[in-house]
Each structure stands twice: as C-alpha cells, then as structure tokens.
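Presented below is the structure to which this report refers.
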Amino acid sequence: MAALTRHAFLSGALARYSPILSRPTNLLVVPARGTKVKKPPQKPKKKATLNAFFTSIESKGFLRPYKPYNPAKDVSQRLDSVCQSVGVSSNDKTRIDDLLVRFKLFAKCVEEFEYGIPNSKLVTIQTIGDLREFYQTPVITTTPYEALQNIELPPNLYIQPEAHRFHPDTDKMFNGKTAFPQSATLVTGLKYKDKYPGHRPEKPWPIKVHSVFDN
C-alpha cells in the first residue's frame, strides 16, 4: 500500500513539472574539474616518403650548374685500360667497396676523361658497371629556354636570349630617363653580377622646401 502511494505521489509531481522541463532552454554545460573531455577523432597525418621528396624535386625543374660532358666513342675501352692500371677487374659486376681503391680509380678516370664525378653521384656508383654507365651518359646543361633558340619557331614567336635591363648610360631612347625613377635595378646573383650592370638611382630626398616668404 505504501509503495502504491509513493508511486502515485511521484507520478503527480512529474506530471505537474513536466511542462516546465519540456520547454527549450539554453544551458551551458561546463565539465567539472578533473573530468576528461573526449576529443573528436582526427584524421592521421600522412608521413612524407622519400619517393614523394624526389618527385617534388623533379617537378621543380631544378638544374644544377654541371659541366657539360659529351662521351667519346671509345669510352668503354679506355675505362678497361684505367681499371687495368689501377689493378681492378673490368667486369661490370665488380664492386668498388674499398675506399682507397675507389679514390685511385675515380682520380684516374678524371684524368683520363677530363670530367669529374659530382658528389651527388658518388653514392650511386657501386660497381664498374655503374662507373661505365656514368661515363657513357652525356651531360646536357642546356635549359629548355635556351633550347628554343636552336629550333625553328613560329613567325609570331621570338626568343630573347639575353636579359634586357635598364641603365641610364646605355638606354638613350628617352635620354636615359626611366618610368620608375625611384626604383633600382640591382643584380644580386653571383653568376650575372658582372654580366649585367645594375643601377641605383639618386635619392630625390631631402627636398628643399621653398617658402613664399623667401622673396
């Protein structure tokens, strides 16, 4: 009987306050101190791979200032003679692991072919076959822009091989005056610093202000 009475009392209380609880309210839930807040799951970050790094470098079109090299027809025979003089087998599968032998062999190749092996290529040469392939491969240092000068172009296309920079001593079309009097044409590259002279204009300031009361 007591349980039924208590149940009826709670049912009536909830019935009286149910409209109030059902109303929409703007409540700010603040977690208590020490409560761990569950963060939303994050997507795992992709790790940069070595192949992606190489692909990025290739897409930039980076051209190192290598010395041009055109292999001779008898490169293979001359390389065999170099290997024989150093005491190394000329078989393509012969490995070059000894550091002293590598130094003597590479130094002899530089003397014979008049072309040195760049530091970036030393790690790729592990056998005599790698060395033979290196000296049989031509090195072309011509950029795509420079290559356009040697081909037949359409009549509406012109290639200007040399850069044109303004200098008041050489440009006499407007008596050495420029459209940008306060802009300097500085050549900061070490390769073109002596080839293209720069120009630093005179500062137009301080400007002397004339007063109407000077007269």
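Each residue of the sequence shown is one higher than the last, beginning at 1 in full-length UniProt numbering. Just so it is clear, CB atoms sit at the ideal spot from N, CA and C, and this is done for glycine as well. Small disclaimer: the values here were computed from a predicted structure and weren't measured.
- Message: Can you tell me where the alpha helix (DSSP H) holding K45 begins and where it ends?
- Response: Per DSSP, K45 belongs to no alpha helix (DSSP H) and is neither H nor E.
- So I125 packs on F113, CB below 8 Å; how close in whole Å? Contact between I125 and F113 is absent: CB atoms are separated by about 14 Å, not below the 8 Å threshold.
- Message: Under 8 Å: does the beta carbon of K46 sit that close to some heavy atom of the ligand SAH?
- Response: Within the structure as shown, the ligand SAH is missing, as the structure has no ligands at all.
- Message: Let me check understanding here. Comparing Cα to Cα, which of R132, D169, I159 and N175 lies closest to V75?
- Response: R132
- Item | Residue ranges of each alpha helix (DSSP H) within the stretch 115 to 171, 4 or longer | 119 to 122, 128 to 136 and 144 to 147
- Tell whether a beta-carbon distance below 9 Å holds between T143 and R165. No, the pair does not count as a contact, with Cβ atoms beyond the cut-off.
- Message: Using 9 Å as the threshold, is the C-beta distance between V88 and I151 below it?
- Response: Not a contact, by the Cβ cut-off of 9 Å.
- Note down the Cα distance separating A163 from L190, rounded to an integer number of angstroms. Cα to Cα, A163 sits roughly 15 Å from L190.
- Query: Taking Cβ to Cβ, would you say P138 is nearer than 9 Å to Y69?
  - Reply: yes
- Task: Note the first and the last residue of the continuous alpha helix (DSSP H) segment covering V187.
- Result: Per DSSP, V187 belongs to no alpha helix (DSSP H) and is neither H nor E.
- In angstroms, rounded to a whole number, what distance separates the CA positions of D171 and T178? 9 Å
- alpha helix (DSSP H) containing L78: first to last residue? Inspection of the sequence shows that residue 78 is occupied by Arg rather than by Leu. V75 to V86 is the extent of the alpha helix (DSSP H) around R78.
- Could you tell me the boundaries of the alpha helix (DSSP H) in which K203 lies? Here K203 belongs to no alpha helix (DSSP H), and DSSP marks it neither H nor E.
- Exposure of L105, with buried meaning 16 or more beta-carbon neighbours within 10 Å: buried
- The alpha helix (DSSP H) with residue 222 in it runs from where to where? A question about residue 222 goes unanswered here, because the residues of the chain that appear run from 1 up to 215.
- Query: Nearest to P118 by CA position, among Y66, Y192, D194 and P41, is which residue?
  - Reply: Y66
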